[in-house]
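With the sequence shown counted from 1, adding 815 to any position gets you the working numbering.
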Amino acid sequence: MTESIVRFDGVSATYGRILALENVSLDLPANGFVGIVGPSGSGKTTLLRVLLGVMHASHGKVTRKSGLRLGYVPQVESVDWNFPVTVAEVVGMTRSAGRWWPRTTDQERNEIETVLCQLGLEGLGERHIRELSGGQQQRVFIARALFHKPDLLVLDEPTSGVDVSTRHEILHLLVDLHESGVAIVLSTHDLNGLASHLPRIICVNKGVIADGPPLAVINPEVLERTYGAPMQVLEHGGMPIVVDQLEHTISHRLRGSGK
Ligand code: ADP
Ligand code: MG
């Protein structure tokens, strides 16, 4: 069995009196590629924050492999795009704390350009982050996380608000990174577009509802417990496809009304 890099034992987390995570136990191996799935407010971001160590568990225990290097890609919606900063500054920012682009060393500048090339962003270092497409912006934040050569890359909703081709691009990039030896944990509420492509998903709603490969985990019973709504599951090419039953009902009613 592969060595575990992060382990949760009965972890709960709260914001004041709000219980956001309850009694979560999970094990993350060094070669893990895991999607955390659940509706809005189910505790996905909180789970990632506890995993990263920026938020403490109120109960239970989090164990990280010593010396574990973590990279974090925030949700695009949480970024202030008016902040006057260039692509290269975003990538190098945390490394050269307080030192801005013109004052970074030649070596740092080369390292920044290398990671930008790796993500297909070559030559964009001097651009303002606002002047990029959604997919490019997402890659800038992945570049920033990779700059520190993490063992574990944590991404919060990496495909929310991006179009189909960007979603494919991000998924390919993550598969490449995983093949190069980086463990990946991401959160998503996109079951068909993202989660069902991953080798392992964990459904959460405060607690862990199910944990395993998509075909084993994505079923009507687990989905109803996770999302609180009825859903149907079909299978296509060895992958589960989730069909929202409410949509089906609505289209049936609309067709029935003759409009
Ligand atoms: P998700 O990422 O799945 O949408 P979150 O982890 O952000 O869920 O939130 C889980 C719960 O914790 C929700 O009920 C949310 O309202 C609450 N919560 C999240 N962040 C805060 C915060 N900073 N202060 C108070 N409550 C919060
Ligand atoms: Mg969230």
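Beta carbons: idealized from backbone N, C-alpha and C, even for Gly.
- Taking a contact to require three or more Cβ pairs closer than 8 angstroms, the region 1017 to 1037 and the region 842 to 859 qualify as touching.
- Each residue's CA atom was taken as its position, placing PRO965 and VAL891 some 20 angstroms apart.
- Those residues having their beta-carbon less than 5 angstroms away from any non-hydrogen atom of ligand 1 are, in chain order, TYR830, ILE833, ALA835, SER855, GLY856, SER857, GLY858, LYS859, THR860 and THR861.
- Looking at the DSSP output, ALA1031 sits in no beta bridge, so it has no partner there.
- The Cβ-Cβ distance between LEU843 and SER819 falls below 9 angstroms.
- For THR981, the enclosing alpha helix (DSSP H) covers residues 979 to 994.
- Bounds of the alpha helix (DSSP H) holding VAL865 are 859 to 867.
- The Cβ atoms of ASP1005 and PRO889 do not sit closer than 9 angstroms to each other.
- Using a 10 angstroms sphere on the CB of ALA1044, the tally of other CB atoms stays under 16, which defines it as exposed.
- The three-state secondary structure of GLU1050, taken from DSSP, is strand.
- Cα atoms of THR1003 and LEU1069: separation of roughly 30 angstroms, rounded to the nearest angstrom.
- Counting every other CB atom within 10 Å of its CB across the protein chains shown gives THR1041 a total of 16 or more, marking it as buried.
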